[in-house]
Amino acid sequence: MKTKLRLAKVIPKLGKADEITRCMLCPNMCLHLCPVFDAERRLTVSPSVKARLGYFSENHTYEAIYHCLPCDACKNACPMDISVNDNLREIRAGFDTEIARKAVERIERELLKNLKKAESERRDGRILYFPGCRTFESGLFDKTVEVLEKLNLDFAIDDFLCCGMPYYELGLYDRFKTAIEEVKRQASNYEGVVSNCPHCVAIMRENGIKAAHLISVLQPVKVGGDFSFHDPCILARKLDIVEEPRKLLGEMGCSIHEPVFSKRDTHCCGYGGVYRFIAPEYAEKIASNRKEHFSHQIVTACPSCRMALKAVDIVELVGEEL
403 MKTKLRLAKV
413 IPKLGKADEI
423 TRCMLCPNMC
433 LHLCPVFDAE
443 RRLTVSPSVK
453 ARLGYFSENH
463 TYEAIYHCLP
473 CDACKNACPM
483 DISVNDNLRE
493 IRAGFDTEIA
503 RKAVERIERE
513 LLKNLKKAES
523 ERRDGRILYF
533 PGCRTFESGL
543 FDKTVEVLEK
553 LNLDFAIDDF
563 LCCGMPYYEL
573 GLYDRFKTAI
583 EEVKRQASNY
593 EGVVSNCPHC
603 VAIMRENGIK
613 AAHLISVLQP
623 VKVGGDFSFH
633 DPCILARKLD
643 IVEEPRKLLG
653 EMGCSIHEPV
663 FSKRDTHCCG
673 YGGVYRFIAP
683 EYAEKIASNR
693 KEHFSHQIVT
703 ACPSCRMALK
713 AVDIVELVGE
723 EL
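Residues 403 to 724 (our numbering) are what the sequence shown spells out, left to right.
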């Protein structure tokens, strides 16, 4: 223990060392917060061990560097503000692996299912509604369109595109660049973009697209009832949208019962990024672990979280009473 404490004091002083080096030297201080380790229970997928494997991946790619989520629970607790997933993504980019190829095959099968549905709903408007892949998969697309119509939002639906997040997370940067450039071209025709998916919004913002989460255009209606709000990791930690959904639920007459881990200290649902296409059984275990934290009906604001937790999306609550 003394050795670990001494090392913990030294690590922040390695100012010029790159993040992967500092992370690999850490005594796994964020281990207790890692949803992947909690589900898989093997040190190989613990944060600092994955960093070490990534560091030594020059001639061999370790399967464990793909067993990570973009939840940034590690970064939220890290005194050096290091995201393990961000660092591992850079390492994945150096390899063309069977793991990535198989994940892409699964993901693209889902993408193909979404194409025709979006094309049949095309319309013009000032604001582009960008549903995102998971919105289709979760069954939220039609419900969201209905809500936006009832709110009289002047919105457009264009050709279905993927923001490229899966390619980005797998380190397939050339394919990601192609995808996001196409989204940029499409978005340039509108005043802005709204999306159900926090990850889509984060990716678009990081690439210079004016994007907002759907919560920004929703209006309160009288609903009532007891709910617990699950904070999607990216919504809370990357988009800093924490109080807005609670304010909206309060204005809707809902009683909010906070789970043990909430707001920026939320716990991941397991469906973020591409982890569930790589290790589906463990993604389900993470979801099951997270569900145990709630004693009331779960409401959230992310299609992936909705699927994982069998939750209700806040847009569905609004739609029920409009």
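From the three backbone atoms N, C-alpha and C, an ideal C-beta is built for every residue, glycine too.
If you ignore the 5 residues before and after residue 662, its C-beta comes within less than 7 Å of the C-beta of 695, all in its own chain and listed in chain order. Excluding five sequence positions before and after residue 685, the CB atoms of its chain that fall closer than 7 Å to its own CB belong to 672, 673, 677, 678, given in chain order. Residue 591 counts as exposed, since fewer than 16 other beta carbons sit within 10 angstroms of its beta carbon.
Judged by pairs of C-beta atoms under 8 Å, the segment 643–663 touches the segment 704–722, as three or more such pairs exist.
Contact check for residue 571 and residue 491: beta-carbon distance about 6 Å, within the 8 Å limit, so the pair qualifies. In this structure, residue 493 lies away from residue 593, with their beta-carbon atoms at least 8 Å apart. Its Cα nearest to that of residue 556, the residue 595 stands out among 582, 595, 565.
Put simply, of 547, 587, 444, 551 the residue whose alpha carbon is nearest the alpha carbon of residue 564 is 587. Across the structure, residue 581 and residue 566 are spaced so that their CA atoms are roughly 5 Å apart.
In the three-state reduction of the DSSP assignment, residue 497 falls in the coil class. Distance check between residue 712 and each of 487, 541, 485 places 541 closest, using alpha-carbon atoms only.
By the neighbour-count criterion, in which 16 or more other beta carbons inside 10 Å mark a residue as buried, residue 554 falls on the exposed side.
Short of 7 Å from the beta carbon of residue 550, and not among the five residues preceding or following it, lie these beta carbons of its own chain, in chain order: 531, 557. Between the segment 466–483 and the segment 426–435 there are three or more C-beta pairs closer than 8 Å, enough to call the two in contact. If you look at residue 611, you'll find it isn't in any beta strand (DSSP E); DSSP assigns it neither H nor E.
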